[in-house]
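Reading through the structure tokens given below for one structure.
Numbering (UniProt numbering), first residue to last: 1 to 165.
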């Protein structure tokens, strides 16, 4: 399962965010609070939904524990932001840069196996290292986490090994 390497431009996102950990996971609550508002967001660039994780500075898979906290976003991409239009929403500027993009095929319950492959097999044997930027998944509005045919894109921030400073 080789990823596509994509140089991503900076993106403007609008959505809702919440600090959580895997131990105290409130992803469902976050998405339930966001989904009723998504149709009222104007200037959307596409129909994709973003499940974004912003880790504290210096995050690495070797230091990740189920108690590690991060800020999770449920969001959509827009081409411009009208703040007065969305009082209940927050904005986030997604950093540009290189991303390794994998496909997670199958139910969300198998997502951890995809991450294990990425961080334990692919990344150590690749010519990339993890970059200190946002991690995210992208999927369509009809995505169903329990569906065995579900597909989501998994975007991992990377940089060339030779680019470390």
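Just so you know, even glycine gets a beta-carbon here, dropped at the ideal spot from N, CA and C.
query, result
"Quick check: the stretch 92-102 against the stretch 117-136, are at least 3 beta-carbon pairs closer than 8 Å?", "yes"
"Go through its chain and collect everything with a Cβ distance to residue 167's Cβ below 6 Å, but skip five positions before and after it.", "The displayed coordinates of the chain run from 1 to 165. Any statement about residue 167 would go beyond what the structure contains."
"Evaluate residue 60 with the Cβ neighbour count: other Cβ atoms within 10 Å of its Cβ, from every protein chain shown; 16 or more gives buried, anything less gives exposed.", "exposed"
"Alpha carbon to alpha carbon, how far is residue 152 from residue 159?", "22 Å"
"Of all the options 55, 106 and 8, which has the alpha carbon lying nearest to the alpha carbon of residue 73?", "55"
"Could you tell me the alpha carbon to alpha carbon distance between residue 107 and residue 149, rounded to whole angstroms?", "7 Å"
"Are the beta-carbon atoms of residue 82 and residue 125 separated by less than 9 Å?", "no"
"Looking only at C-alpha atoms, which of 3, 7 and 30 sits nearest to residue 90?", "30"
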